[in-house]
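With positions in the sequence shown counted from 1, the corresponding number in our numbering is that position plus 877. We put the CB at the ideal spot given by N, CA and C, even for glycine. Predicted model only: the values in this text are computed from it and were never measured. Shown next, in structure tokens, is the structure this report addresses.
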Amino acid sequence: MATQGIQNSSTPAGQILEYLLRNTTAGIKDLEDMLGVTATAVRQQLASLSAEGLVIMTRERQGVGRPRNVYKLTERSQSLFACYSDELALDLIHELLETEGTAKLRYLLSRVGDKLAMQYSRQIKGVALGDRILELSVLLDRRGIRADIEDANGVMILHEYNCPYHDLSSVHRDVCEMERDTFSQVLGADVTLGNCIHDGHNSCQFVVNAIPAAGGNRHATSFQPAT
């Protein structure tokens, strides 16, 4: 049931998992309000998800008073959201490192990132940077990557709530650098990786600066979408 819920976020299980993905933790009341169902119905869903090892209960303190019971995703559920990494790819990278070394791995990842950037760029029509970020987030969503955009006092941040290469990047952070460089090329702007899921955060944050990336596309640097 839960695995199907991952694939279909319109199911109660899928909605709970996606809510926890975006919000890190949630109590029974939070999920009641989100789903519009009773506490009993929420507990039934959580019991099933817990039995499958996808969520766990923990205690969370908010100010004074007794801590409350909240639920959060397990490492296993993060792996379910990881759409494009598998054991074969991990084995191939290990073999490459042993036979060719780190420099070769970084070179090949750079080549892969360049090809990904070309694929994304062909599908993005916007010229203004704000438009391109929006279109990129839509493309990521189509690939099963939960993403949204935050405007932090004029600085745009692209959040990825599930890592598309979760198992790979947990071992080889060069994969994170490949993703960052891909976005920089697509947007034609300087992109830095802030928070990372592998450091315990609930999303990877790609901070987009309105400065043309060296050697990248030269698109308008305004964050305002075209009207």
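How many Å lie between residue i and residue j at the Cα?
i: Tyr896; j: Cys1040; result: 16 Å
i: Ala1005; j: Ala1087; result: 10 Å
i: Leu1049; j: Gln996; result: Per the sequence shown, the amino acid found at residue 1049 is His instead of Leu. Near 23 Å, if we compare the C-alpha coordinates of Gln996 and His1049.
i: Thr1069; j: Gln955; result: 23 Å
i: Ser927; j: Leu967; result: 28 Å
i: Asn1072; j: Ser925; result: 31 Å
i: Ala903; j: Tyr948; result: 5 Å
i: Ser962; j: Asp1044; result: For Ser962, the pLDDT reaches just 49, beneath the cut-off of 50, and the residue's location in the model is therefore unreliable, although a value from the coordinates is still provided. The straight-line gap from Cα to Cα measures roughly 6 Å.
i: Leu957; j: Val1032; result: 31 Å
i: Leu974; j: Glu964; result: 15 Å
i: Gln1101; j: Gly1007; result: Note on Gln1101: pLDDT 47, under 50, position unreliable in the model; no value is reported.
i: Ala1024; j: Thr917; result: 31 Å
i: Tyr1042; j: Arg1019; result: 16 Å
i: Asp991; j: Asp1076; result: 26 Å
i: His971; j: Val1015; result: 32 Å
i: Ile905; j: Val932; result: 13 Å
i: Leu898; j: Ile1034; result: 17 Å
i: Asp864; j: Asn900; result: It is not possible to answer for residue 864, since the shown part of the chain is limited to 878 through 1104.
i: Arg999; j: Asn1030; result: 30 Å
i: Thr915; j: Arg943; result: 23 Å
Have a look at the options and flag the residue whose alpha-carbon is nearest the alpha-carbon of residue i.
i: Glu909; options: Thr902, Val919, Leu1017, Thr901; result: Val919
i: Ser987; options: Met1055, His1075, Val1084, Thr888; result: Met1055
i: Val1084; options: His1078, Ile1074, Arg1057; result: Arg1057
When DSSP labels each residue in this structure, what does residue i get in the three-state scheme?
i: Ser962; result: Residue confidence is low: Ser962 scores 49 on pLDDT, short of 50, so the model does not pin down where it sits. Its coordinate-derived value is still stated next. Note: Ser962 maps to coil in three-state DSSP.
i: Ile905; result: helix
i: Leu931; result: coil
i: His1075; result: helix
i: Arg1009; result: helix
i: Arg945; result: strand
i: Ile1088; result: coil
i: Val914; result: coil
i: Val1032; result: strand
i: Ile970; result: helix
i: Gln860; result: The shown model of the chain, from 878 to 1104, leaves out residue 860, and the question about it has no answer.
i: Gln1082; result: strand
i: Arg1109; result: There is no way to answer for residue 1109, as the model of the chain reaches only from 878 to 1104.
How is the beta strand (DSSP E) around residue i delimited, first residue to last?
i: Asn900; result: Not the beta strand (DSSP E): Asn900 falls in the alpha helix (DSSP H), residues 889-900.
i: Cys1040; result: From DSSP, Cys1040 is part of no beta strand (DSSP E); its letter is neither H nor E.
i: Thr1069; result: 1067-1070
Residue i and residue j: beta carbons closer than 8 Å?
i: Leu1011; j: Leu1064; result: no
i: Gly930; j: Arg953; result: yes
i: Cys1081; j: Glu1037; result: yes
i: Thr1059; j: Ala994; result: yes
i: Arg938; j: Asn946; result: no
i: Ile1001; j: Arg1009; result: yes
i: Leu969; j: Asp1051; result: no
i: Leu894; j: Leu950; result: yes
i: Cys1053; j: Ser1061; result: no
i: Ala890; j: Gln921; result: no
Starting from residue i, trace the alpha helix (DSSP H) both ways and give me its first and last residue.
i: Ala980; result: 979-1000
i: Thr951; result: Run containing Thr951: none; DSSP gives neither H nor E here.
i: Gln1062; result: 1051-1064
Could you check whether the Cβ of residue i sits closer than 7 Å to any heavy atom belonging to the ligand GTP?
i: Glu1056; result: With respect to small molecules bound, the structure shown includes none, and the ligand GTP cannot be examined in it.
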